[in-house]
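Residue 233 is where the sequence shown starts when you use our numbering, and the numbers rise one by one after that. Ideal Cβ placement from N, Cα and C applies to all residues, glycine included. So the structure is just underneath, and the comments pick up after that.
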Amino acid sequence: PGVGAAKATMQTLQKRGLNQVLTDCYRSGKPMLGICIGIQVLFEHSEEEDAECLGLLPGHVKKYPAADVGTGAETLKVPQIGWNEVYQTQSHPIFADVPNPAHFYFVNSYYPVPETPDIVIGKTAYGLEFCSAIAHDNLVATQFHLEKSGRVGLKMLNNFLNL
Numbered sequence: 233p234g235v236g237a238a239k240a241t242m243q244t245l246q247k248r249g250l251n252q253v254l255t256d257c258y259r260s261g262k263p264m265l266g267i268c269i270g271i272q273v274l275f276e277h278s279e280e281e282d283a284e285c286l287g288l289l290p291g292h293v294k295k296y297p298a299a300d301v302g303t304g305a306e307t308l309k310v311p312q313i314g315w316n317e318v319y320q321t322q323s324h325p326i327f328a329d330v331p332n333p334a335h336f337y338f339v340n341s342y343y344p345v346p347e348t349p350d351i352v353i354g355k356t357a358y359g360l361e362f363c364s365a366i367a368h369d370n371l372v373a374t375q376f377h378l379e380k381s382g383r384v385g386l387k388m389l390n391n392f393l394n395l
């Protein structure tokens, strides 16, 4: 999935039986890529409408603080819409030949908080530092939109296809 709401996404996945398909795919070891809402529903719970998610990974999803966070006490515009930097926190084949940092396109009001920090492969700052890319076993997911991020996004999509 791309842009969406966690509860509505989960309801649609459940209605169509895709929650089980995704769980089975993950357990089978087949490569999986999540984008935007796709990273969020991988975790156990989202603050967005108090949604229970797939629970494939331990952690939850939080809403950006309303205002006055960060070192400059800036007021955040939520949702975050536009370009922002992603800093690679560890090497992963999905980032092959991608500059560090690189700019990617974001549209989000929520961000993932993994319980296990070793799955975080990318971080971004938007008032606060948050996880913007993860990798675990056969699963790679990003909070940013690869398909809207120009050459670096296309490079990462190509890298995923070659995993």
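Spatial neighbours of Lys262 in its chain, beta-carbon cut-off 7 Å, leaving aside the 5 residues before and after: As a working mapping, residue 262 is identified with position 30 in the sequence shown. Excluding the 5 residues flanking it on each side, Lys262 has same chain C-beta neighbours closer than 7 Å at Asn370, in chain order.
Residue burial classification, Ala240 (beta-carbon count within 10 angstroms, cutoff 16): For the purposes of this step, residue 240 is identified with residue 8 of the sequence shown, where counting begins at 1. Exposed, since its Cβ has fewer than 16 Cβ neighbours within 10 Å.
Stretch-stretch touch, CB-based, cutoff 8 Å, three pairs: the stretch 241 to 248 with the stretch 308 to 316: Judged by Cβ distances under 8 Å, the stretch 241 to 248 makes no contact with the stretch 308 to 316, as fewer than three pairs qualify.
3 or more residues per run - each beta strand (DSSP E) lying fully within the stretch 254 to 314: Restricted to the stretch 254 to 314, the beta strand (DSSP E) segments that are unbroken, complete and at least 3 residues in length are 264 to 267 and 291 to 295, listed in chain order.
Spatial distance of His292 from Asp329 (CA atoms): Counted from its first residue, the sequence shown places residue 292 at position 60. Counted from its first residue, the sequence shown places residue 329 at position 97. Going from the Cα of His292 to the Cα of Asp329 covers about 30 Å.
Buried or exposed by the 16-neighbour rule on C-beta atoms within 10 Å, applied to Leu286: On the sequence shown, position 54 is the one that residue 286 refers to. That one is buried.
Residues that Pro346 bridges to, as DSSP identifies them: Along the sequence shown, read from residue 1 onward, the residue named residue 346 stands at position 114. DSSP output for Pro346 lists Gly291 as bridge partner(s).
Sequence-distant residues of its chain with Cβ nearer than 7 Å to Asn340 (five each side left out): On the sequence shown, position 108 is the one that residue 340 refers to. For Asn340, where only same-chain residues beyond five positions count, the Cβ hits under 7 Å are Cys268, Pro311, Gln312 and Gln375.
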